[in-house]
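As they're listed, the protein sequences go chains A and B.
Just so it is clear: in the first sequence, position 68 is 68 by UniProt numbering, and no numbers are missing.
Just so it is clear: in the second sequence, position 84 is 84 by UniProt numbering, and no numbers are missing.
Note that beta-carbon positions come from the ideal geometry of N, C-alpha and C, so glycine has one too.
Protein chains: 2
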Amino acid sequence: MGLTKSEIFTDEQNRLASLFKVLAHPARVAILQYIINQKACICNDLVEELGLAQATISQHLKELKNIGIIQGTIEGKSVCYCIDENVWKKIQTDFNTFFNQEVKVNKCC
Amino acid sequence: MGLTKSEIFTDEQNRLASLFKVLAHPARVAILQYIINQKACICNDLVEELGLAQATISQHLKELKNIGIIQGTIEGKSVCYCIDENVWKKIQTDFNTFFNQEVKVNKCC
DNA sequence: TTTATACATCGCAATATTACGATAATAAAT
DNA sequence: ATTTATTATCGTAATATTGCGATGTATAAA
Numbered sequence: 001m002g003l004t005k006s007e008i009f010t011d012e013q014n015r016l017a018s019l020f021k022v023l024a025h026p027a028r029v030a031i032l033q034y035i036i037n038q039k040a041c042i043c044n045d046l047v048e049e050l051g052l053a054q055a056t057i058s059q060h061l062k063e064l065k066n067i068g069i070i071q072g073t074i075e076g077k078s079v080c081y082c083i084d085e086n087v088w089k090k091i092q093t094d095f096n097t098f099f100n101q102e103v104k105v106n107k108c109c
Numbered sequence: 001m002g003l004t005k006s007e008i009f010t011d012e013q014n015r016l017a018s019l020f021k022v023l024a025h026p027a028r029v030a031i032l033q034y035i036i037n038q039k040a041c042i043c044n045d046l047v048e049e050l051g052l053a054q055a056t057i058s059q060h061l062k063e064l065k066n067i068g069i070i071q072g073t074i075e076g077k078s079v080c081y082c083i084d085e086n087v088w089k090k091i092q093t094d095f096n097t098f099f100n101q102e103v104k105v106n107k108c109c
């Protein structure tokens, strides 16, 4: 026990849930907002901006990179991260599909 | 360690992340979809529909109730769950605010 | 070549989540 | 009053996540 039973759910359900999971941490939300607001690549200003250790930030960046929502390019001795617009839009669309479905009023509640 | 440092993030970041977290499990996504598709209250058809134990479903329902996205009404010896439209819309708006912001093209990537 | 800087990765401790059996609580049915 | 059905809650084992120090790697600077 303690192991999510992915096999009993649809691919769509698993995919949506794992997207939500990546965003389900305030540090990762903060990182995305920071990258967007800077409108530019950043390296580890994040370590100073947020109050987390370098190893921790690096780990969060990795998770964001895994779903492709951000991209890193090596620039000299630092790495420049930025939003991948295509992936961002795809995720946005997935969420909209989920959330913008009609929710009919139910009988009982 | 191993404890999320909520205090270093903004309320908005923490709120968004915790909303995402509730949806970050395929069972909870499945439960929401099922309730929506039935367009009606359900009780624990869910236990049969999904292949999870009654205790597990009940726990997931509790988490969904905690953020208010679903509501339960006692109906005889069963409980009827349905989407709370107002909360659904509020969460939808929060996500849209986050996702529908302009993502400018960055310099480096 | 040595040193410094910026990141990534490893390993670990603390904490959280997931799942479920057992049991309690409640209401309908007998 | 007893039994049955439906749900909630408790306790616990298995697993996952979070955070960080230590260490490795690669590039730039000296």
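Within chain A, partners of residue i - CB distance below 8 Å
{"i": "B/V47", "result": "Chain A residues near B/V47: none, gap ~12 Å exceeds 8 Å."}
{"i": "B/N14", "result": "P26"}
CA nearest to the CA of residue i, picked from the options
{"i": "A/N86", "options": "B/F99, B/W88, B/C82", "result": "B/F99"}
{"i": "B/V103", "options": "A/R15, A/F9, A/Q33", "result": "A/Q33"}
{"i": "A/K90", "options": "A/Q101, A/G72, A/G76, A/G68", "result": "A/G68"}
{"i": "B/V79", "options": "B/K62, B/I42, B/Q101", "result": "B/I42"}
{"i": "B/Y81", "options": "B/T10, B/T93, B/K62", "result": "B/K62"}
{"i": "B/E48", "options": "A/I8, A/F95, A/N96", "result": "A/I8"}
Supposed contact pair residue j and residue i - C-beta distance, whole angstroms, cut 8 Å
{"i": "B/I83", "j": "B/I36", "result": "6 Å"}
{"i": "A/F20", "j": "B/A24", "result": "4 Å"}
{"i": "A/V22", "j": "A/L50", "result": "Not really, about 17 Å apart at Cβ, beyond 8 Å."}
{"i": "A/N66", "j": "A/I57", "result": "Contact flag wrong, Cβ pair sits at about 15 Å."}
Buried/exposed call for residue i, threshold 16 Cβ in 10 Å
{"i": "B/I74", "result": "exposed"}
{"i": "A/I13", "result": "Ile is not the amino acid found at residue 13 of chain A; the sequence shown has Gln there. Burial call: buried."}
{"i": "B/L3", "result": "exposed"}
{"i": "A/A27", "result": "buried"}
{"i": "B/A17", "result": "buried"}
{"i": "A/K30", "result": "Position check: residue 30 of chain A holds Ala in this sequence, whereas Lys was assumed. It counts as buried."}
Residues bridged to residue i (per DSSP)
{"i": "B/T10", "result": "None; B/T10 has no bridge partner."}
{"i": "B/Y34", "result": "Answer by DSSP bridge pairing: none, since B/Y34 is not bridged."}
{"i": "A/I74", "result": "A/V79"}
{"i": "A/I42", "result": "A/Y81"}
7 Å Cβ cut-off: residues of chain B touching residue i
{"i": "A/A24", "result": "A17, F20, K21, A24"}
{"i": "A/G76", "result": "Near A/G76 there are no residues of chain B at all, since even the closest Cβ is about 11 Å away, more than 7 Å."}
Chain-ordered chain A contacts of residue i [CB-CB under 9 Å]
{"i": "B/S6", "result": "P26"}
{"i": "residue 110 of chain B", "result": "Because chain B in this structure spans residues 1 to 109, residue 110 of chain B falls outside the shown range and cannot be described."}
{"i": "B/L64", "result": "Near B/L64 there are no residues of chain A at all, since even the closest Cβ is about 13 Å away, more than 9 Å."}
{"i": "B/N44", "result": "The contacting residues do not exist; B/N44 stays about 15 Å from chain A at best."}
Interface residues of chain A facing residue i [CB-CB closer than 7 Å]
{"i": "B/L50", "result": "I8"}
{"i": "B/A30", "result": "F9, Q13"}
9 Å Cβ cut-off: residues of chain B touching residue i
{"i": "A/V87", "result": "Ordered by position in chain B, no residue passes the 9 Å Cβ test against A/V87, which lies about 10 Å from the chain."}
{"i": "A/Q59", "result": "In chain order: nothing, as chain B lies at least about 12 Å away."}
Within chain B, the residues that residue i reaches when beta carbons sit closer than 8 Å
{"i": "A/V92", "result": "Residue identity check: residue 92 of chain A is Gln in the sequence provided, not Val. Residues of chain B passing the Cβ test: F99, N100."}
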